[in-house]
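Okay, structure first, notes after.
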Amino acid sequence: MHAHAAQAEPEAARLAASGARFDAAVVNPPRRGTTPRLRESLAAVVRDAIAYVSCEPATLARDLAHLAWLGWRAERVVPFDLMPLTAEVECVAVLRRGAPPELPVLYEDASLVAVDKPPFLPTVPHPERRGSLLARVRERPGAREAVPLHRLDAETSGVCLFAKSGAAAAEWQRALADPATAKRYRALVRGIGRAKGRVARPLREEGRMLDAATRYRRLEVVRGHALLEVTIETGRTHQIRRHLASIGEPVVGDARHGHAASNRHLAERFFLDRPFLHCTAIELAHPQRGERLRVESPLAPDLAAVLARLRAADTRA
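Under the numbering used here, the first residue of the sequence shown carries the number 402, and numbering increases by one thereafter.
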């Protein structure tokens, strides 16, 4: 037996990249749980079983949900009491390889399928990620030639639309480009700021400056953060995250455009492990029927849990 100590996330990534494989792994993270990258690396390097030891039900549920999408299903969860005479109860979840969950379908007809994208699954194949939403959609009957009509960032969850063929994609792309089309998101941002506003600032994309516009409306103030409804008028890369950061209200959990100290606080105290951004609804004209089509997605469970903990902390304060 060989043992050595190293920082978990970079070491697991190194092992995964080297092709190393292990029969089993024992994971015993702190209360904040594991990082998404560590979970992805574990899913790649382990062959048979993962034992996940946890003292925090919220992060256990969050991490097991992600591992399920990576092909690891909880076979059983066993509680045990390491700290008698306290309310703290730990548990160990035993995971085995298994089929990922069924993709949640929000709407489907002969030319379109709308799915509820889970976090961390890229819309299209990406060299640094395992699997893609497109590949999962193409497994569905009648969708072998599916085409993504737009993209959500890998960490973003919510409504994602796919045309079932190239010919259908052309019609749906025109419908999406119509100014009457609405794409709505929920975002939790650092600070409170204005109750509503519009950010119209060009964004650089592939070496060019392109027009971009984002509208927002504050829905709630919780623990010094603002929950926003965000509507985009254009669809640039990281548009919401870049625009909100540009006005001093970055999306919490955003490692690239956000506020590092706030992100650490939200991760440690409220167990947020990704940007708090979810596509809640897309409304557009159906190109064949002419009627308005509205596809909706409830806030993802991991984000809803973060919001609930923030509200509870506000109540206690």
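C-beta atoms are modelled at their ideal positions from N, C-alpha and C, and glycine is treated no differently. No experiment lies behind these values; they were computed from the predicted model shown.
With DSSP run on the structure shown, which of helix, strand or coil describes residue i?
i, result
"Arg605", "strand"
"Ser558", "strand"
"Thr632", "strand"
"Asp424", "strand"
"Ser455", "strand"
"Ile641", "helix"
"Thr681", "strand"
"Glu412", "helix"
"Ala569", "helix"
"Arg530", "coil"
"Asp464", "helix"
"Arg575", "helix"
"Ala418", "helix"
"Ala488", "coil"
"Ala469", "helix"
"Ala406", "coil"
"Ala450", "strand"
"Ala656", "coil"
"Ala564", "strand"
Under 6 Å Cβ to Cβ from residue i, same chain only, skipping five residues before and after it: list those, please.
i, result
"Leu416", "Val446"
"Glu606", "Arg637, Thr638"
"Pro523", "Arg530, Ser533, Ala555"
"Ile683", "Val560, Lys584, Val696"
"Glu476", "Val495, Arg497"
"Gly592", "Glu650"
"Pro502", "Ala469"
"Tyr453", "Val428, Ala494"
"Ala714", "Arg624"
Where do the N-terminal and C-terminal ends of the alpha helix (DSSP H) with residue i fall, by residue?
i, result
"Glu362", "Residue 362 lies beyond the stretch modelled for the chain, which goes from 402 to 718, so this question has no answer here."
"Thr716", "702 to 717"
"Arg438", "437 to 446"
"Arg665", "661 to 671"
Please go through the same chain and pick out, in chain order, the residues whose beta-carbon is closer than 7 Å to the beta-carbon of residue i, but skip the five residues on each side of it.
i, result
"Ala736", "Because the chain is modelled from 402 through 718, residue 736 falls outside the range shown and cannot be assessed."
"Leu620", "Leu628, Leu629, Glu630"
Can you round the beta-carbon distance between residue i and residue j to whole angstroms, since I take them to be within the 8 Å contact cut?
i, j, result
"Ser698", "Leu507", "6 Å"
"Gly654", "Leu667", "6 Å"
"Leu513", "Lys565", "7 Å"
"Leu562", "Ala511", "That belief does not hold up - the Cβ atoms of Leu562 and Ala511 are roughly 14 Å apart, past 8 Å."
"Pro437", "Arg675", "7 Å"
"Phe677", "Leu550", "Contact flag wrong, Cβ pair sits at about 24 Å."
Please report the residue range of the beta strand (DSSP E) in which residue i lies.
i, result
"Ala475", "473 to 481"
"Val516", "513 to 518"
"Val590", "583 to 591"
"Val538", "Premise fails: Val538 lies in the alpha helix (DSSP H), 534 to 538, not in any beta strand (DSSP E)."
"Arg624", "Looking at the DSSP string, Arg624 is not in any beta strand (DSSP E), and its letter there is neither H nor E."
"Arg497", "491 to 498"
"Glu503", "Per DSSP, Glu503 belongs to no beta strand (DSSP E) and is neither H nor E."
"Leu550", "Premise fails: Leu550 is in no beta strand (DSSP E) and is neither H nor E."
Going by beta carbon distance, what residues of the same chain come within less than 8 Å of residue i, once the five residues before and after it are set aside?
i, result
"Ala701", "Pro519, Pro520, Ser558, Gly559, His679"
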